[in-house]
Amino acid sequence: MDGFDIEWLRLTARWIHLIVGVAWIGASFYFVWQDDSLEPTSEDPERKRLQGEVWMVHGGGFYNARKYKVAPPNLPERLHWFKWEAYSTWLSGVALLILVYYLGADIYMLPSDSPLSPLAAVGIGVGTLAGSWVIYDLMCRSPLGRNDGALAIAVAVLVALLAYGLTQVLSGRAAFIHVGAAIGTIMVANVFFTIIPNQRKVVAQMLRGEIPDPALGRAGKQRSVHNTYFTLPVLFLMISNHYALVTGHPWNWVLLLALSALGAVVRQVFVLRHTGRARAWMLPVAGACFAGLVLAATATRDDGGASASPVASEAGEEGEPSAVPFAAVQAIIQARCVACHAARPTFEGFDAPPKEVTLETPDQIRQWADKIGQQAVHTRTMPLGNVTAMNPEERALLGLWLREKQ
């Protein structure tokens with residue numbers, strides 16, 4: 116199978132992942148809104164049997180949804196189960212993880228100076244997905260699970276350890292994606308191992324004429340609430356691999372945690388809004404926090420190193436570095452970048468230049484100078500896996516050339 120076929124498979128998996136992910140997230144958001152919008156019914160004003168009801172209007176029609184505290188008195192003939200959206204999202208996401216990161220582990224999984232093999236990197240990735248769920252599930256079933264606040268702190272610590280640990284051994288892109296995949300695995304496993312099985316047990320108890328155990332519903336609800344707060348962090352992590360300014364930052368794991376926490380906070384504002392408890396200042400404050408995070412990230416980014424190559428450090432007047440010869444810049448680009456960024460790439464697995472960026476001519480190099488600086492100098496995420504062995508002196512020379520252009 117050549118690179119062209121792999122790209123089509125990646126496109127297919129990504130498209131499916133997006134479609135089913137939208138379906139799952141949409142259903143999750145809807146049911147959280149519905150739960151938070153329930154009002155007492157005239158039939159059951161004291162909520163002895165019903166949690167409440169909500170009236171809705173949408174698409175030219177009126178809807179009335181009711182929620183039972185445990186279960187209805189009689190099981191309906193037709194009962195819709197919400198599960199395939201979650202399962203399909205995880206399966207398509209794993210397919211994408213395999214097609215992009217595991218099949219290209221030598222390029223996408225490891226930093227250039229890593230002593231690990233690509234197989235070891237894949238093992239770390241797979242172990243992270245399984246291990247995260249096991250630890251999370253044990254925490255939920257332990258005494259921590261009876262204290263929502265303590266459990267939330269424990270889960271946050273787990274995510275923080277994942278973020279720090281993975282960014283130390285994997286490339287920034289791979290670390291971010293695997294933290295997201297680990298959280299996504301927890302979300303789907305919540306559905307597969309707890310929410311759906313508990314619902315099946317309730318149905319079975321009703322069919323036997325027994326009173327359903329309310330603890331089953333409470334456990335499922337707890338996991339469902341966790342899932343809704345995981346949603347926005349996971350969405351951020353899904354798109355993070357397109358932004359090297361975050362994944363390639365020297366403090367990338369801190370940015371991962373900060374942006375994920377901000378997403379969870381914004382989700383809380385949405386939840387509060389359902390019940391009329393949100394305040395007008397909340398989202399602007401979240402926006403201000405995001406702006407502050409951007410400023411902090413910009414101030415602490417890597418400037419490409421202060422040391423220059425011999426070509427760039429020849430002293431001119433008053434000891435200032437002489438102008439960087441464009442020929443030296445072009446030679447670096449030709450040696451380190453053009454294998455992929457050419458109209459007809461020669462690097463195996465590429466049938467077209469990534470993001471349609473070609474760097475074969477002086478005009479093209481000047482056109483994409485800012486991107487070269489971001490990817491090769493500030494974040495050092497290119498070349499991918501540093502497969503063409505761009506050295507620190509070459510990155511410093513590119514950095515000097517970019518500063519002279521400003």
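Residue numbering for the sequence shown follows the working numbering, beginning at 116 and increasing consecutively. In this text, a Cβ means the ideal position worked out from N, Cα and C, and glycines have one as well.
Within the same chain, Cβ atoms closer than 7 angstroms to the Cβ of V361 are found at S355, N367 and L370, the five residues on either side in sequence being excluded.
The stretch 197-209 and the stretch 118-132 touch, with three or more beta-carbon pairs separated by less than 8 angstroms.
Non-local beta-carbon contacts of P329 in its own chain, meaning distances under 6 angstroms to residues more than five positions away in sequence, involve V185 in chain order. Spatial neighbours of A438 in its own chain (CB-CB distance under 7 angstroms, excluding positions within 5 residues in sequence) are listed in chain order as E519.
Rounded to whole angstroms, the separation of the alpha carbons of Q337 and L225 is 36 angstroms. In the DSSP annotation of this structure, E325 is not part of any alpha helix (DSSP H), being labelled neither H nor E. By the Cβ test, the stretch 268-276 is in contact with the stretch 247-256, since at least three Cβ pairs between them sit closer than 8 angstroms. Within the stretch 292-357, the complete alpha helix (DSSP H) segments at least 4 residues long are 311-322 and 329-354, listed from N- to C-terminus.
Considering only R333, C452, K470 and L515, the residue with the shortest C-alpha distance to I480 is C452. If you keep only unbroken alpha helix (DSSP H) runs of at least 4 residues inside the stretch 469-504, you get 477-482 and 484-487.
Residues of the same chain with a CB within less than 7 angstroms of the CB of I310, apart from the 5 flanking positions on each side, are G335, R338 and S339 in chain order. Using a Cβ distance threshold of 9 angstroms, T496 and R416 do not count as a contacting pair. Per DSSP, H173 is one residue of the beta strand (DSSP E) stretching across L165 to H173.
Secondary structure note for R459: it is in no beta strand (DSSP E), with a DSSP letter that is neither H nor E. Of the candidates A235, S143 and G238, S143 places its Cα closest to the Cα of W196.
By the Cβ-count criterion, V172 is exposed, with fewer than 16 other Cβ atoms from all chains shown falling within 10 Å of its own Cβ. The beta-bridge partner set that DSSP reports for R181 consists of E168. One alpha carbon belongs to P160, the other to V215, and they sit about 55 angstroms apart.
Per DSSP, R510 is one residue of the alpha helix (DSSP H) stretching across P507 to K520. Taking every protein chain shown into account, the CB of N262 has fewer than 16 other CB atoms within 10 angstroms, so this residue is exposed. The C-beta distance from P477 to Q449 rounds to 11 angstroms, too long to meet the 8 angstroms contact threshold. With at least 16 other beta carbons inside 10 angstroms of its own, I301 counts as buried. The beta carbon of L153 is closer than 7 angstroms to those of Q166, G167, E168, V169 and K182 in its chain, skipping five residues each way along the sequence. The shortest C-alpha to C-alpha distance from P327 to any of P188, A269 and R193 is the one to P188.
Inclusion of Y223 and G500 in the CB contact set at 9 angstroms is warranted, their separation being smaller than that value.
In this structure, DSSP gives G176 an extended state, which the three-state scheme calls strand.
Between the C-alpha atoms of A491 and V306 there is a straight-line separation of about 41 angstroms. Between A289 and L281, the C-beta spacing is below 9 angstroms. Taken atom to atom, the span from the alpha-carbon of V147 to that of A393 is near 15 angstroms.
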